[in-house]
Structures are given as structure tokens and as C-alpha cells.
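**Q**
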Amino acid sequence: MDSTGFMNPLQDSSLPASVQLQMLHSQVHDDEHMVNYYEDSEPEDFPVPVPKKPEAIDLDSESMFPSLTASTPATPLATSAWGSDSRVRADKSESQKKSGIVTEIYQLQATQQQRQREFGNKNATGDMIKQIMKNTRTQIDVSTSRNTGTTTFLIKGKVEDVQKAKREITSSFSLKVTTTVTIPSFCRRFVVGTRGKTLQSIIDRSGARVHLPRREEEDDQSDEEESFTDIAITGDVEGVKLAKSEIEKIVSEKTSKTTMRITHIPPEYYPLIAGPHNNFIQNLTEQMGVKVHIPPFISSEDEESNVDKSILVAGDKSIIQSVVDIIGNLYEDLQRTTKTMLVNIPKRQHKYLIGPKGANLQEILEVTGCFVELAPASDPSEAVTIRGPEAKLVEALTFVMDKANSTHVDVVDLCKMHVIDDPVQYARNALKYFLNRSKLRKIENDCHVQIMFPKASQMDKSVTLELVGKYRSHVEKSKQQVMELAIALSPAYISTCRIPAFLHRHIVGRKGQNIQRIRDTYGVDVIVPDEQNDSDEVLIVYESNPDIEVNQDKRAKNEAVRQLLDVVTKELIKAADDAKDFTVQNLNIPSRFHRLIIGTKGTTLAQIMGTDSPASVKIGSSKKGEEKSSDIDENSIVVKGPSEEVTRIVKEINRIVDEAKHHEIMNSFTAEFTIPASFSAHVIGKGGSNITKLKDSLDVKIDIDGKNEEADEAPKEKVKVFIQGTKKGVEQAKKQIMEIVDRLADQTELRLTIAPHLHKSLIGAGGRYVKRLEDTYNVRIKFPHSGDRNAENEDDSEEAQKPDEVIVKGGKKEVAEAKAEILQLIEFEQEHSHTLNFEIPARCLPHVVGRNGSKINEIKEDTSTKIDLGRPEDENDEDALVSVAIQGTKEGIAAARDAIMEVVEDQQSRVTVTMDIDPDHHKFLIGPGGSRIKELITKFGGDADSEPWQRTVRFPRSDSTSSEVVLKGDQQLVEQLRAELARLAVDLNDKTTIRFSVPADQYPNIIGRGGSVLKEIQARYEVDIQMPNSRRNGHRAGDDSDDQVKITGKHENCEKAKAEILSKLRVERKINIPAKHQSTLIDRGITLRRLRGEFNVNVDLPPLGQSRRIDDEEEDGKKRSEPTGDVVWTLKGEEKDIDEAEKYLMGLLEEARKNSQVLLVKVHPSLHRFVIGRGGATIRRIRNQTGCQIDVPKNREDEHVMLRGSQVGVEQARDMILEIIENAGEFDE
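If you're matching positions, the sequence shown starts at 7 in this note's numbering and goes up one per residue.
1. DSSP three-state label for C503, please.
2. Count the other CB atoms, across all protein chains shown, that sit within 10 Å of the CB of L545; report buried if there are 16 or more and exposed otherwise.
3. For N1229, I'd like the list of residues in its chain whose CB is within less than 7 Å of its CB, leaving aside the five on either flank, ordered along the chain.
4. Give me the Cα-Cα distance between S306 and Q456, rounded to the nearest whole angstrom.
5. Using a 10 Å radius around the Cβ and a threshold of 16 neighbouring Cβ atoms, would you call N858 buried or exposed?
6. Go ahead and pull the three-state DSSP assignment for E804.
7. Give the C-beta separation of N1059 and E1028 to the nearest angstrom, bearing in mind that I take them to be a contact with Cβ-Cβ under 8 Å.
8. How do the stretch 465–480 and the stretch 498–508 stand: do at least 3 beta-carbon pairs fall below 8 Å, yes or no?
9. Leaving out the 5 sequence neighbours to the left and right, which residues in its chain are closer than 7 Å to K260 when beta-carbon positions are compared?
10. Looking at C-beta atoms only, is the number of pairs between the stretch 878–893 and the stretch 821–832 that lie closer than 8 Å three or more?
11. Give the list of continuous alpha helix (DSSP H) stretches no shorter than 4 residues that lie fully inside the stretch 740–796.
12. Looking only at its own chain, which residues have a Cβ that is under 7 Å from the Cβ of V888, when we skip the five neighbours before and after it?
13. Given a cut-off of 8 Å, decide if K1070 and N1011 are closer than it, judged by their beta-carbon atoms.
14. Tell me the start and end of each unbroken alpha helix (DSSP H) in the stretch 363–399 that is at least 4 residues and wholly inside, in chain order.
15. Could you compute how far the alpha carbon of I655 sits from the alpha carbon of V645?
16. When the distance is taken between beta carbons, is I1144 closer than 8 Å to L1151?
17. How would you write the range of the alpha helix (DSSP H) that P3 sits in, first residue to last?
18. Suppose contacts are defined by Cβ-Cβ distances below 8 Å. Is F234 in contact with I189 by that definition?
19. Of the choices R1180, A582 and V1169, whose alpha-carbon is the least far from that of F1198?
20. Spell out whether any CB of chain C is found under 8 Å from the CB atom of D781.
21. May I have the straight-line CA-CA distance separating I899 from Q836, to the nearest angstrom?
22. In the DSSP output, what is A492 paired with across the bridge?
23. Quick check on the burial criterion: 16 or more other C-beta atoms within 10 angstroms. Buried or exposed for M407?
24. Within 10 Å of its beta-carbon, does N435 have 16 or more other beta-carbons around it, so buried, or fewer, so exposed?
25. Nearest-angstrom Cα distance between A991 and I1031?
26. Is K701 helix, strand or coil when you go by DSSP?
27. Would you identify the three-state DSSP class for Y112, choosing helix, strand or coil?
28. Would you mind stating whether T1130 and I1053 have Cβ atoms separated by less than 8 Å?
29. Tell me the DSSP secondary structure of G616 in three-state form.
30. Between the C-alpha atoms of L290 and V329, what's the straight-line distance to the nearest angstrom?
31. Select from Q115, S151 and F179 the residue whose C-alpha is nearest the C-alpha of I135.
32. Would you check if there are 3 or more beta carbon pairs closer than 8 Å linking the stretch 470–487 to the stretch 569–577?
33. Quick one, which of S703, V1167, I505 and E737 has its alpha-carbon nearest T676's?
34. Is L1209 closer than 8 Å to L1155 when the C-beta atoms are compared?
35. Once you ignore the five residues that flank K398 on each side, which residues in its own chain have a CB closer than 6 Å to its CB?
36. Return the CA-CA distance between G1193 and V1214, expressed in angstroms with no decimal places.
Here is the structure:
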């Protein structure tokens, strides 16, 4: 209750939310009626107390409707995040803030609501609201104004739940719209994302449906400067806008190219600019890295007025203007140097003058430099224009005449084959029949000619076939056959009937079975127009019927044929009547809405029609040059098909038109203002990019008067800006334009004096650094002699730029920030611009550089310097010097020089020693894969891992008899290696070789994995071991000479190596195990695994059939009979390992003999789980307390639990199990 005595229903928490909302509506709209959808149900989370009778409310009361903050006026209703016209009012009390519960009012205007949902009807809407409440865990109260139709939602809940509820309300009740976004095709994968994650994220956030065309649809697009993809977005208004903005944001991040159109060049110069076979444009494309598309100037098809004839140039923004200038200069040269010549050539020879795909025209252009221009096929003119250099026109004319006369042409007019009342109609039907049944194709193949027939639009007065061939005799022969074919097809043999196009599939039948049946029964062929033709006329042609062919009288035969055709016609019409529920609706819709109904490339109309729709839609056209049906005007749309389908399509079309009209009304707000003419170019942006972005994002129309050149003439002149759209969009567009103007008015220019030698470092490779500065601070930076990169809008009167000046343009604040960073960069460059030059011996250069530059790169990275190494003048001069130039900080230069000199000094301290070693010893000293010599180098402090050992020790080639071994490296290392190699050589002079046999199956045990065991033995005893290799020596494995191991070295070392090899041999030993203890010893496989893991011994057990089984017939609690005898275990491994394993087994056997008692306890399988316990806890407890082995059978049919252990142990275990079973029975009961 406020000071006036009125109660604010939103402040009185004792009232239910629905009552509060109704009170507000009743006070503000006295003539409105309230509709509450939840009088009979309330959400469980929000109990509703009994409402109190409200008093009158003063809507102007500050205490009743307090502002959100104490220091500011009351906040106006905020714009909803989900609807541009929806208004939200948030009411958050202190208690709500603490609890996280908020209440928001969300309004949906009548124009935004879906009509088909009958919004405002309690039964149609209530269930949906209840479902939203359940999904979002919010409380929602709804009321609808009877006068305005505005629906208000009062939503209460957590912040995130309220936002989710608003999203679902908008998605469920808001009007659906469809828009199209055109993007470059290469951006499609970025919009879709990996496995569609990006696209799905857009759909989830916006709630809109995003449709991308199939790949094959994109492949059909014209490949101009680049291909584009149209994306259709359907959903509520805000969802569609959100999805569209997300897609455009992705595209803007991925595109760095632009497209320019050249419109001032006449199309007749296009072939001369493109060059023969488009060679000039291809070369220009390759050199400049752009795409240039020049439309073909001449075609055998009719010209279309709506085809874009401008030249398109697409590529990087920085070089595209240069390409446009090159093409423009070429056009100006052609204007001065080219002339024309006119000659008449019969029209029917024009197409052969062009050649296949224009090959003849390209040949003439390539040889003479002239291009031949011909009138379109629809133009009856016989004039041929030759355009090119004046000196080449006569030569080009000779080429043209030769090409025109190289083909023989004759004609056959089908209208003259029979004397009848309507020869043109007969000729059309006859041609349709000939083409459908490939009659003309057979003549083409037989006579080696080509038969050309006219288009449908050219058959109004005559139907003339052109016969083209290389030889005149072939043409005459084909003409005779065509005339005979036409004469044989009497006009009496042809009939037609009209059947709606959508019923054609019914009369054709599955796989044409109905047509085939008519042909077999009557000898009559039925030709149905294809689906693209959309014609209702069905052609019926008599071919042959035995009952009719017997008639010799022509008149009687024709009468019989006519009757037969009537029978077939009636049968077709009857079949169509049986299948049709046909209706036609003619809609009168202004042509300006037709584009919206069709959609971009037919996407909207295709969506309305759906797949395999039996209906058809014909839309009138107002474009010039397009054929019009006599029964449809430019404002008409004709829908034909089944009545139900036609009704659905008409309803969708009317819905689109109604939405478009509503959009026109909503976008009728306008604003007009002026801006300085000098700023208009910046407001428009390059290629209109700024204005286009505003139009797309705000859905407005923007027109700016005046041109850039006018601004140069009168700098103070103002230009008008006109904006039309929604009020919000217009105001926002005006605001953004004025922000650009204000920013331009704040523009300033700063000239910095910077030493020219620092310019390159500041610009960076490819302008990388300067571009980053421009993008970061939104400024323009111009270096001297930097080309025209920023010269587009420079003033001609601008003061000349000095060689040491750098110009920075932009806002005052941004220029100051850019200046500060430039000065920091200059300071950095000056600090890192110290240099040092010195020389080093050329022979040390490879070591300073390192393999693949690794060493010098390491020095550069560690010292942050630039190092340039020179080359020796004479590479054969060992005393030559090379220069070294280092640039960086003083500390970095000093560190880099020290690192380089360290390498040089190390190389200068290296020595070379040559020694003689018997070639027979070389292989041994090197070792397998160089292993022995590597060990020696590492042993004496060398590095055999980072560089090849051959650089330190060089042995002669294996096929050489030289004994010279060269040592290179550090003096100390070389001396130690020389002494060690000399010692080994002396030992090898006293070497001996012993041989002994080893079974072949033991070789793997001696060699080891990867030869590891063999290498270890060789290294330990300094011997060379050669294993038998029967295949290499060309002998069989069974030969005694090759079945021996050969060890070479000192005699005592050879014997030690032999002894170790023999110890590695694996043997077998058999031991006897009492059968009654075998199971105990195996212990569920634990013993066998331990033998393999710890003792490296494998065990072969006797077959399972030799072991005993539990006797199921023995009584509970009785000792089972023990098996007698022994079983044989076979141990396999090395001798010493088998000894240890046998000792271990004997210990286990002795322990088993002590626990040799076996007892069976009968336990029902359903109670086994109680014996085992959870996780095996019970059975482990019994085992630990009794020391017995307990085996619970896995087979559910086995009732015996086996106990094994001492006499006392098995009896104690039995008692414990019986006690557990007894307690388990009580638990089950």
C-alpha cells in the first residue's frame, strides 16, 4: 500500500501472479477482458494463496512502481532479446535477488503471432504453456487483450530458466519467416563445421531451421569469379536474425577477397581482350593470382536481356585494382587499332562457321588476330562482322569463306510432305514422333550426316529440317530417306488428345506397361510429353495392325485407322478420368511478390511444392523477351493438380504474400538527413561494403545522393541520406552512419621522421607488421614509395612525402596510440641493429652451420640475432677465410660470436692420425652395425650418437685390401682410440676359432630378441660369434659343416663364451607327481604362471582325461576316493632354472602331502553365493581360518563344494559352511 492508499499488485507477494497480471490489465485497459489460462491449475513449485480484493492503482505512483535504481529515473520497458517489438519489464525484489528468482513480463504483438494456432483460445494454447512450464521449471501466466490482440506472458523462475522459457514461447507462438543468405561456396565447410558442430550450434542457439543445398545443386551453378551457395533460414523473426548474423560473422572472418565488375567495355571487344582460347586471361590469372571471367560475346542461342554481360574480376583486395587497370588499358589500345569488315553469308551456314563450341572462331582469332561476330540465331540477319587489325581483315575474310563453304547443307520442309488443311500441326506431330522413336537418328548413322531440327518457338509457320554433311552425296541420300519417312506417315495415322499433365504418369503405367499394352494390342504408339514440357497434349500414332494392313483400298484403310485411333483415345481419356481429382485455381497476385514466392533459385517454391508433388504452379512473368501463355498475365499464378494439394499450395502462397504485405507496412518508416560530401565515400565503403552491411543487419533501404568527384569540387557540399525500414532499424542505421561521420570529422594526420633503413623492419614481410598496426588502431599508415596501397582517396594537393617521413592518418586518439607503438618498435629496432663482422677459417664453416643448419639456427635462437655467413673465394684452399656478419643487441652479438669461435677452436684442435691394421681384423673392430667401434668412441668421451662414427674412425671399404685406418677428432680422443685399436689388433693376431654344434631349435635362445643375447656375449668376451646360416652358405640345414657355431677371439675368451652359450640351451626334465596332489599343486594355474614368470620354465601337463572327476553320487560330508598312481610333468628351460623350479615344486608337494584330506559338502546351487560372499569375502575368511582350499563348482547343476586340507581343517571348514547355509535359509524365509 503506497501513500495514496493504493496497493501495487506486483509488490504484494500474497497475490498469485495471474491475479497481479489481471489487475494491471483491468486498470490500464478498462474495456479489455482478461483471459487466464491457469484458473484451474497451478504449477507444483508455486502454490497460490487465496487472492485479496485489489484496490484502484495509480500508475504514476513512484512508490507503487519504483525505479530500478535510486539515482536514476524509472527505466523504460526493455527490449526483449527474442522480439524486436516485444517488451519486457523485470521486477526483482531484494528477496528474489538473493534467491535467484526473477519475474519478467514478455509481450507478443498480434502481428507476430502464428494464426494457425488460434492464439487466444484456451484449449489451443494452454496445453502448450503447461508443457513449457514443465520443461523450464517456471511459472507462466498468460493474458490476451481483446482489442489489440497483444498477448502478455508473466514468467517467474531462475534467470536461466526464464530465458529458456522465453525462447520456447517465441519458437512455439511467434510467426515463422524465411530468409536467404548467400555465401561463397568455399565458406560452406566453415558454416557446417567439423561433423556439423558449428551449424548445429547455430540451430540450437537461434531455434531456426537452416537449409543448405545439396552439393550437386552447387555444382550446377555458373562458375564465374567464384561460386556461391544460398542458405535458407526458417524460424521466428529474432531466431532467423540471430542465425543470419552468426553465418555472416563466420563468412566475414574467412573472406579476404573482393569482386569488381567492369561495365564500360562493349561486349564486342570481349573476344579480343580474352585472346585465342582465353590465353591472355589465363596468363593474367596465373601471374596476378586473381580470377577473371569474361562472358562469351556470341552464342548460337538467343541472347537473354537479364544475363549479366559485365567482366568480373575476383581476388585479393590489394591487387584487384591493378588487374582492372590492365584490362582497361588493353581495351583503349584495341579501340585505336581495330577496324571492321561486313560480309553476308547465308544464315543456315552461320552455325557451321562457328564450329563445335566455337572452335572455328577461335582458330580464326588465333591465326589472324580477328574475331568474327554473328547475329543471334533468333535474328534473321545474314550479316557477318569481322573485327581486328586492318592488315589482317582480308586474311580473316578468306578463312571465314573457307569455313562457311566446307559443309554441305540441304533442307526438308515437313509441312510440304502432304496437302492438308493444317500442315504445320502435322509436321510438329510427325517430328515429335520421329524424335521419340529415334527414326532420324537411324538416318544420321546410315548416311553419316547430322540432322538439325528447329526449336518449338521456331515452328509457328514451318517445320524445316537441316541436313548437314561433309559430302553432297550423303546429304542427298539422307534427304531422300527423310522424305520417304514423312510421306509414309499419313496425316490420317496421327491423332491427339488432351490429358492433364499430372495424370500422364497414370496413363503411362508402371515402367510404361500401359503404353506397351496399347502398342501390343492395337499397333498404336502413344507419346506422352516429358515432365519439363508441362504440356497436356498426348500424341497417338498408328504404326501397324494386321487386321488393317490387309485392306488394299486406301480410303477404307484410313477409315479403319481413324476408328482405331478413336478407340485408343477413348481408352486413354477413361483411364485419366478414373485417376483425376483435378482442379485449377488462378490467383491474382501483383508481380512484385512473385520473386518472394519463387525464392532464390526457386528454393521457396520448391519448399512449398515438396518432393514429388502431383500439382504444378505456373507464374506469370513481366520480363521482356520471355514467352507468355495466352491465358496467364504477369499478375497471375495458376495452380493445377489434385484439389487437396492445390488448396495447400494456395494457402502457403497466400501466407507468403500476406507476410510480404505486412513487411511493407512495418518497413514504411523513413528518415532523411545530410552528411558532408567528402565523407560519403567512407560511409559507403569500398564497393559499398559499409552500406551493404547496414542494409543486411538492420533490414533497411539506404540511398545516398552525390558522388565522390562532386565532393572534390565542393568540399563543403552536403549530400542527402535517405533510409527506409522499421523505426528501430532506421534509427539504428542513422546512428551508425553518424558515428562514422563523427569519427571521420575527428580524423588527423601525423608525420613521423624515421630513418629510411628502419622502414623495411617496420613494414615487415608482405606488410605484416604495418597491417597489424592499421587493424589494431584503425588508422592508415603510408611509407614513402609504398605504392598505391593507401592512395585511393588521397588528395592530389597533399604535401609531398619526404623519404624519411611516415604518415599516420586516423582519429586523434588512435593516431596517438599508433605513434606510441611505432616509437617503441623503432627503439627495439635500434637496440637490435648493432652489427659485428669477423672472419673464420673456411674449413670450419660446415661445423658452424651443422647438419641442415641445425647448429647455426641454434645459435640464432639462443642469442636472438641474425647471422649471415659468407662463402670462400676458393673452396679448394684450406687456408681460405669466410666472413661472418652478426646483427642484434650487444649482448646477443657477443654471445653469438663466442658460440661460433667455440666451434672454430674445437675444430682447430682436432688432429688426424693414420695407423695400419690387418684388413682381416677390420670387420671385428667395427662390430655388427658399427656397435664395437661406437662403444670405443663413447668409452673415451666421444659422441657416437649425434654424428656418424665414420667421421671419427674411417676404415677402408670392405672390398679394399688397404690396411690404412684414419682417426680424426680431438687429440686426446684420437690418442686413446689409437692405443685401444692397436691393443685389440695385437690380441686379434693371437686369435683362435672354435666350433661346436647346437640344435637348430635352440638358436633363438642363443641369439635373443633382435640379437640382444648374442651381442651381449660378444661384447663381454670380445669375441666374434657366427651362428649357422645354411641358406646363405648354400647348404642344407642337415649338413654337418654348417650346423656349428663358430667363435673367434682369444682362446680363453672363446671358451668362456662357449660355456655361456651352452648354459643358454633349454633342456627338458620329467618329474613324477602323485595324481592325487596334482590339482593342489596347480592351484588354479597360479603355480604354472609363477614357474613361467619367476623361473622362466614352462610345464607340459598330462591330458585332462587322466585326472579324476568329482563323483556326484557321493554323500554329503564323506571323504572322496583318491586317485592312485603318478602323473608326469615335463619341465622345459635352462638347466639352472629347471633345478630351481624342481626344488620349488618339491616344496609344494611336501606341503600338499600334509594337507591331503578331501571332503565334499553338498550345497544347493542357489546357496553357493552365500558361501562365496560379496566380492569373495566369505570364502576368503574360511580359507584363512582353516588353511583349506575350497572349490565352489561353476556348473549350476553341480551341488558339491570340495574342501582340501588337513583333517582338522576340512572338518572346521565343513562346519562353517553348514552354519552359513543354515543362516542363509533363515534369511530367504
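For glycine and all other residues, C-beta sits at the position ideal for the given N, C-alpha and C.
**A** Walking through what the data contain:
1. DSSP places C503 in strand when its eight states are reduced to three.
2. It is buried - the Cβ of L545 has at least 16 other Cβ atoms within 10 Å.
3. Hits under 7 Å: none found.
4. Residue placement at S306 is flagged as unreliable, the pLDDT there being 42, under the threshold of 50; a coordinate-derived value is accordingly withheld.
5. Under this definition N858 is an exposed residue.
6. The predicted position of E804 is uncertain, since its pLDDT is 49 and thus under 50; a value taken from the coordinates is nonetheless stated next. Judged by DSSP in its simplified three-state form, E804 adopts coil rather than helix or strand.
7. Their Cβ separation, rounded to whole angstroms, is 6 Å, which keeps N1059 and E1028 in contact under 8 Å.
8. No, the stretch 465–480 is not in contact with the stretch 498–508.
9. Sequence-distant partners of K260 (beyond 5 residues in either direction) whose C-beta falls short of 7 Å from its own C-beta, in its chain, are C193 and F196.
10. In this structure the stretch 878–893 does not lie against the stretch 821–832, because fewer than three pairs of beta carbons, one per stretch, are closer than 8 Å.
11. Segments of the alpha helix (DSSP H) lying fully in the stretch 740–796: 765–769 and 774–783.
12. Hits under 7 Å: E845, I846, A848, L851, L875, G876, R877 and P878.
13. Taking 8 Å as the Cβ cut-off, N1011 and K1070 qualify as a contacting pair.
14. Within the stretch 363–399, the complete alpha helix (DSSP H) runs of at least 4 residues are 365–374.
15. Near 8 Å, if we compare the C-alpha coordinates of V645 and I655.
16. Cβ atoms of L1151 and I1144: not closer than 8 Å.
17. Any property of residue 3 remains undetermined from this structure, which presents the chain solely from 7 to 1235.
18. It is a contact, given that the beta carbons lie within the stated cut-off.
19. Residue identity check: residue 1198 is Val in the sequence provided, not Phe. Closest option to V1198, judged by alpha-carbon separation, among R1180, A582 and V1169: V1169.
20. In the structure shown, chain C does not exist; there is a single protein chain.
21. I899 and Q836 have their C-alpha atoms some 14 Å from each other.
22. Note: A492 sits in no beta bridge, so no partner.
23. With a threshold of 16 other beta carbon atoms within 10 Å, M407 falls short and is exposed.
24. Here N435 is buried. Its C-beta has 16 or more other C-beta atoms within 10 Å.
25. The C-alpha of A991 lies about 17 Å from the C-alpha of I1031.
26. DSSP places K701 in helix when its eight states are reduced to three.
27. Judged by DSSP in its simplified three-state form, Y112 adopts strand.
28. Going by beta carbons, T1130 and I1053 fall outside the 8 Å limit.
29. When secondary structure is reduced to three states using DSSP, G616 falls in the coil class, being assigned neither helix nor strand.
30. So the two alpha carbons sit approximately 8 Å from each other.
31. By alpha-carbon distance to I135, the top candidate from Q115, S151 and F179 is F179.
32. No, because fewer than three Cβ pairs between the stretch 470–487 and the stretch 569–577 fall closer than 8 Å, the two stretches do not touch.
33. Ranking the options by Cα distance to T676, first place goes to E737.
34. Contact: no.
35. Beyond the five residues adjoining it in sequence on each side, K398 comes within less than 6 Å, by CB distance, of T374, G375 and C376 in the same chain, given in chain order.
36. Between G1193 and V1214, the alpha-carbon positions lie close to 10 Å from each other.
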